[in-house]
Amino acid sequence: MKVYNSLTRKKEEFIPLTPGEVKMYSCGPTVYNYFHMGNARPFIIFDVLRRYLEYCGLKVTFVQNFTDIDDKVIKRANEEGTTYDKISERYIEEYFTDAKGLGIKPATVHPRATENIEEIIKTVKTLEDKGYAYAADGDVYFRTRKFEGYGKLSHQPIEDLESGARIDVNEKKEDPLDFALWKAAKPGEPFWESPWGNGRPGWHIECSAMANRYLGETIDIHSGGIDLCFPHHENEIAQSEACSGKPFARYWMHNAFLTIDNQKMSKSLGNFFMVRDAAKQYGYQPLRLFMLSAHYRSPLNFSAESLEQAKAALLRLHTAFSNLEFLLESEESENPEGADKLIASFPAYRERFCEAMEDDLNTADAVSVIFELVRELNTVFVGKGAQKASVRASLDFLTELCDVLGLSPQKEGKTLDAEIEALIEDRARARKEKNFKEADRIRDELKARGVILEDTPQGVRWHLQESK
Ligand code: AMP
Ligand code: ZN
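Okay, here's the thing in structure tokens:
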């Protein structure tokens with residue numbers, strides 16, 4: 088498989104350090120709120136990467152942290168008159184609710200900063216002993232200039248960084264380029280005891296300490312959104328490599344932004360949509376499909392139109408599944424025309440699907456392969472009888488490819504069925520009560536969702552609109 092490595096700025100063949108095993112670390116959310124669609128992009132993309140590597144037979148150890156202590160968590164706790172851990176507990180739970188809905192598998196380990204304080208202190212101490220860190224009035228800073236490779240990930244020479252506007256001036260620092268590893272506690276803030284006094288860890292150090300604890304000194308893949316490349320990931324490299332003297336991550340993967348009106352979706356700009364709210368409107372699975380419809384290194388624009396399209400596409404996928412499931416329960420008959428040929432072409436479909444995934448995780452092309460297959464399955468099987476073995480093979484193959492992308496329309500399909508049945512019942516009741524206006528409104532609503540109603544002598548039947 089080829090992946091684009093931000094470190095070398097090239098597409099490279101991915102070869103894990105230990106054959107057959109992959110060690111992956113992805114920066115997780117700061118848990119002071121629900122996560123938004125922009126945050127969901129790396130969570131979904133790197134979940135797909137992990138799923139694909141597992142599909143290829145590799146054993147993946149995937150670590151994604153929770154930043155459960157920082158200024159934002161503390162601020163939120165103060166606003167609500169509660170403690171930081173109540174806030175982080177709540178939003179970790181909410182993370183798992185949305186992640187589950189989006190089909191994001193739990194990581195192998197979800198370490199939290201506050202559960203790794205000992206490890207963090209040990210790392211800071213090593214850096215201090217090696218002369219890479221210094222204490223200043225209860226804080227501890229990293230001596231950036233001492234680390235020779237600084238800037239290698241974001242491809243910035245140190246001189247450019249010196250004149251950079253982002254560097255904050257702080258008189259405790261020896262050099263404006265230095266960054267905090269440990270922060271002295273301010274009055275009223277939560278703190279942990281340390282050799283430098285009471286305080287809490289800086290953000291960058293938690294990832295270095297936790298990657299080392301759960302994956303070791305050198306890991307295969309480190310990932311996150313492109314905004315993390317500098318300074319967060321640059322600082323992680325400096326800390327980890329200064330500490331161990333070994334390369335930290337071998338492949339660095341960064342996703343492009345999810346935008347809205349061509350601006351980065353972010354909490355600070357206020358132009359964000361929470362996954363929770365978007366899911367209420369469109370359903371979780373369409374959000375996932377939307378995210379996979381573009382290559383992860385291309386910006387992706389969030390719009391109602393694209394989400395409606397994803398929803399409609401998912402309905403086509405659902406039709407293919409429910410029709411095959413229906414055939415499996417129906418009486419067996421001869422295969423319809425084209426079925427044998429279609430089944431014989433599954434290996435070629437698989438090859439094209441994998442080719443797309445092997446090309447730097449081109450999920451957009453992989454999704455197209457699935458929808459080509461769906462179109463053929465619907466053409467060959469909808470409204471016909473078939474041999475059970477052929478139907479089974481088709482269902483298994485469609486499931487195999489969908490699983491790699493974490494698409495499970497069957498599961499949402501079941502709830503969809505229940506929802507539609509309920510609406511049909513409401514409509515029947517309205518008609519009985521001679522409330523035709525309401526009955527028509529329900530029919531229109533169903534129609535907008537691609538559900539066609541047929542009034543038959545046996546009662547109302549429904550089917551999904553044929554795909555175009
Ligand atoms: P945060 O909780 O802000 O640290 O972000 C968690 C993850 O979301 C990081 O990997 C960020 O790079 C990523 N992220 C934040 N906003 C966006 C966005 N608009 N598009 C893509 N990724 C984003
Ligand atoms: Zn990180």
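Residue 88 is where the sequence shown starts when you use this note's numbering, and the numbers rise one by one after that.
Every residue gets a Cβ at the ideal spot worked out from N, C-alpha and C, and that includes glycine.
Is any heavy atom of the ligand AMP found at a distance shorter than 7 Å from the C-beta of residue i?
{"i": "Asp314", "result": "yes"}
{"i": "Thr117", "result": "yes"}
{"i": "Arg199", "result": "no"}
{"i": "Lys259", "result": "no"}
{"i": "Lys351", "result": "yes"}
{"i": "Phe344", "result": "yes"}
{"i": "Gly125", "result": "yes"}
{"i": "Arg403", "result": "no"}
{"i": "Arg128", "result": "yes"}
Does the distance from the C-beta atom of residue i to that of residue j stay below 8 Å?
{"i": "Val150", "j": "Tyr301", "result": "yes"}
{"i": "Leu485", "j": "Leu510", "result": "no"}
{"i": "Glu293", "j": "Ala164", "result": "no"}
{"i": "Leu379", "j": "Thr450", "result": "yes"}
{"i": "Leu563", "j": "Pro496", "result": "Residue 563 falls outside the range modelled here, since the chain spans only 88 to 555, and no answer is possible."}
{"i": "Cys311", "j": "Ser113", "result": "Residue 311 is actually Gly in this sequence, not Cys. In contact: Gly311 and Ser113 (Cβ atoms closer than 8 Å)."}
{"i": "Asp185", "j": "Phe122", "result": "yes"}
{"i": "Trp279", "j": "Val211", "result": "no"}
{"i": "Ile191", "j": "Ile131", "result": "yes"}
{"i": "Val362", "j": "Met88", "result": "no"}
{"i": "Tyr91", "j": "Arg384", "result": "yes"}
{"i": "Leu401", "j": "Val454", "result": "no"}
{"i": "Leu464", "j": "Ala407", "result": "yes"}
How would you call residue i, buried or exposed, if buried means at least 16 neighbouring beta carbons within 10 angstroms?
{"i": "Ser327", "result": "buried"}
{"i": "Arg516", "result": "exposed"}
{"i": "Glu392", "result": "exposed"}
{"i": "Ala183", "result": "The sequence as given places Phe at residue 183; Ala does not occur at that position. Result: exposed."}
{"i": "Ile529", "result": "buried"}
{"i": "Gly115", "result": "buried"}
{"i": "Phe203", "result": "Contrary to the premise, residue 203 reads as Asn rather than Phe in this sequence. It counts as buried."}
{"i": "Phe440", "result": "buried"}
{"i": "Arg548", "result": "exposed"}
{"i": "Ile207", "result": "buried"}
{"i": "Gly289", "result": "buried"}
{"i": "Arg137", "result": "buried"}
{"i": "Ile161", "result": "buried"}
{"i": "Asp364", "result": "exposed"}
{"i": "Asn422", "result": "buried"}
The ligand ZN heavy atoms versus the CB of residue i: any closer than 7 Å?
{"i": "Gly289", "result": "no"}
{"i": "Glu438", "result": "no"}
{"i": "Glu442", "result": "no"}
{"i": "Gly311", "result": "yes"}
For the alpha helix (DSSP H) that residue i lies in, which residues bound it at each end?
{"i": "His291", "result": "Trp290 to Leu302"}
{"i": "Asn165", "result": "Asp158 to Glu167"}
{"i": "Tyr371", "result": "Tyr371 to Leu379"}
{"i": "Lys534", "result": "Phe523 to Ala535"}
{"i": "Ile131", "result": "Met124 to Tyr142"}
{"i": "Tyr182", "result": "Tyr171 to Gly188"}
{"i": "Ile204", "result": "Ile204 to Asp216"}
Output the distance between the C-alpha atoms of residue i and residue j, rounded to the nearest integer angstrom.
{"i": "Ser554", "j": "Ile245", "result": "Because the pLDDT at Ser554 is just 47, under 50, the model does not fix this residue reliably, and the value given afterwards should be weighed accordingly. Whole-angstrom Cα-Cα distance: 56 Å."}
{"i": "Phe229", "j": "Tyr221", "result": "7 Å"}
{"i": "Asn410", "j": "Ser477", "result": "13 Å"}
{"i": "Lys521", "j": "Asp513", "result": "12 Å"}
{"i": "Thr195", "j": "Thr148", "result": "6 Å"}
{"i": "Ile347", "j": "Glu418", "result": "50 Å"}
{"i": "Pro282", "j": "Ala267", "result": "15 Å"}
{"i": "Asp307", "j": "Leu415", "result": "43 Å"}
{"i": "Glu249", "j": "Tyr237", "result": "12 Å"}
{"i": "Glu321", "j": "Phe335", "result": "11 Å"}
{"i": "Ala252", "j": "Ala271", "result": "Any answer about Ala252 is weak, because its pLDDT of 43 lies below 50 and its placement is not dependable; what the coordinates show is given next. Rounded to the nearest angstrom, the two C-alpha atoms are 25 Å apart."}
{"i": "Leu104", "j": "Ser295", "result": "19 Å"}
{"i": "Phe101", "j": "Asp262", "result": "38 Å"}
Starting from residue i, trace the beta strand (DSSP E) both ways and give me its first and last residue.
{"i": "Phe440", "result": "Not the beta strand (DSSP E): Phe440 falls in the alpha helix (DSSP H), residues Phe433 to Glu445."}
{"i": "Met111", "result": "Glu108 to Ser113"}
{"i": "Thr148", "result": "Lys146 to Gln151"}
{"i": "Phe266", "result": "Phe266 to Ala271"}
{"i": "Arg337", "result": "Ala336 to Asn342"}
{"i": "Glu520", "result": "First-last for Glu520: undefined, no H or E at that position."}
{"i": "Pro398", "result": "Correcting the residue type first, residue 398 is Lys in the shown sequence and not Pro. No beta strand (DSSP E) contains Lys398, which is instead part of the alpha helix (DSSP H) from Ala391 to Glu416."}
{"i": "Asn422", "result": "That residue, Asn422, is in no beta strand (DSSP E); it is neither H nor E in DSSP."}
{"i": "Asp307", "result": "Ile306 to Gly312"}
{"i": "Phe229", "result": "Asp226 to Phe229"}
{"i": "Ile347", "result": "Leu345 to Ile347"}
Taking only beta-carbon atoms, is residue i less than 8 Å away from chain B?
{"i": "Val150", "result": "Absent here is chain B; the protein component of the structure consists of one chain."}
> Hey, which residues come within less than 5 Å of the ligand ADP, measuring from Cβ to any heavy atom, in chain order?
Replying inline: Only the ligand AMP and the ligand ZN can be found as ligands here, which leaves the ligand ADP out of the picture.
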